[in-house]
Amino acid sequence: MIKTTNLRKVYRIGTEKIVALDNINLEVEEGTVCCILGTSGSGKSTLLNQLAGLEKPTRGEVAVRGRRISKMTEKELALFRQQSIGFVFQSYNLLPGMTAIENVALPLTFRGMRRRERLRLAERMLTQVGLGDRKKHNPNEMSGGQQQRVGIARAFVTNPAVVFADEPTGNLDTHTTKEIMTLFLDFSRQKGTTIILVTHDASLANYADRIVTIVDGRVVDDKPNQSLYDAERRQADAEKAWEEDRMPPEGLALLGPGGAEGPGAPTAGEKSQAADPPFHTAEEATKQPSMGGQSK
Ligand SMILES: Nc1ncnc2c1ncn2[C@@H]1O[C@H](COP(=O)(O)OP(=O)(O)OP(=O)(O)O)[C@@H](O)[C@H]1O
Ligand SMILES: [Mg+2]
517 MIKTTNLRKV YRIGTEKIVA LDNINLEVEE GTVCCILGTS GSGKSTLLNQ LAGLEKPTRG
577 EVAVRGRRIS KMTEKELALF RQQSIGFVFQ SYNLLPGMTA IENVALPLTF RGMRRRERLR
637 LAERMLTQVG LGDRKKHNPN EMSGGQQQRV GIARAFVTNP AVVFADEPTG NLDTHTTKEI
697 MTLFLDFSRQ KGTTIILVTH DASLANYADR IVTIVDGRVV DDKPNQSLYD AERRQADAEK
757 AWEEDRMPPE GLALLGPGGA EGPGAPTAGE KSQAADPPFH TAEEATKQPS MGGQSK
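Laid out in structure tokens, this is it:
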């Protein structure tokens, strides 16, 4: 899906040479949520800019879906970005003079879509991120978390192959951060979108399928990760199944004592699975932001 080969980026300021990326060989499979983790100045944004074709490498190559973007002309790159890529920024980058729905609809303009159709799609996206009632609001009439939800709706509205996010929760509190990360994972799991998430915050990495750590422009660690998102979903499902199984089918109560062990009662295996210590209570699990009217 995304592949870099001996990728190197050197910045020159006067006589000074800064090696921002040094020999990066990375391959990210389609549908993966990949976290690039590193401290300030480690080269995260530089890497993201390379993967998105925003800057040319000093040496090496970047290919996305088999297309060598490091060799594309500016015109080809612009088209590639319109068609295949979404961005989410730390500072949201919404246009201040436009409403939420207009901001979300904007990337569709370049697709030659009619205004009515654009607004219809944008409205659906806003509902999915839980902002169906804020569509006429301007960015300065929304909280940071709400603005970032608009940012996410805008990034996914074109159904891109990859979404790049640079510190998307950098300005948000812990609770809102969790909501925003859940939204990213909701979209990725439903649509198979590859997500490259850049951050210095190890707690965000918990949501990723893979964690690539960089120090001074080099990959020092690269490992798969069990996404917290999936663990939470499994737990919520197990609790739901357990609750449902506890309710005897109608009429079963007539069987008297022992009836609850009849058909419909959980098997020993199901019971032990549901009895595992919960990551979260059922109540917490249902508090997760929903995908609105999204049908699976
Ligand atoms: N346009 C540029 N010109 C010169 N040097 C640059 C440029 N962009 C980045 N650098 C240098 O490259 C290195 C990596 O920068 P980068 O912005 O990728 O770090 P980062 O990991 O994103 O940091 P942060 O977490 O603070 O955003 C730094 O030493 C930085 O000073
Ligand atoms: Mg950065």
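Under this note's numbering, the letters of the sequence shown match residues 517 to 812, in that order. Ideal placement from N, C-alpha and C gives every residue a C-beta, glycine not left out. Note that the structure is a prediction, hence the values are computed from the model and not measured.
- Between V673 and M697, the C-beta gap is not smaller than 8 Å, which leaves the two residues out of contact.
- A Cβ closer than 7 Å to some heavy atom of ligand 2 marks a residue here, and those residues are K560, S561, D682, E683, V714.
- When secondary structure is reduced to three states using DSSP, A677 falls in the coil class, being assigned neither helix nor strand.
- Put simply, the backbone Cα of I601 is about 35 Å away from that of T531.
- Using a cutoff of 7 Å, the CB of A718 does not count as near ligand 1, since none of the ligand's heavy atoms is closer than that.
- By the beta-carbon neighbour count (other beta carbons within 10 angstroms, threshold 16), Y527 is exposed.
- In this structure, the alpha-carbon of R750 lies about 16 Å from that of N741.
- Taking C-beta atoms as the reference points, K739 and I730 fail to come closer than 8 Å.
- Under the DSSP assignment, R627 falls outside any beta strand (DSSP E); it carries neither an H nor an E label.
- When DSSP states are grouped into helix, strand and coil, K525 belongs to the strand group.
- Your pair G667 and L610 checks out as a contact, with CB atoms roughly 7 Å apart and the cut at 8 Å.
- The beta carbon of Y745 lies closer than 6 Å to those of L701, Y723 in the same chain, with the five residues before and after it left out.
- S558 has its CB nearer than 7 Å to a heavy atom of ligand 1.
- Annotated three-state conformation of E543 is strand, per DSSP.
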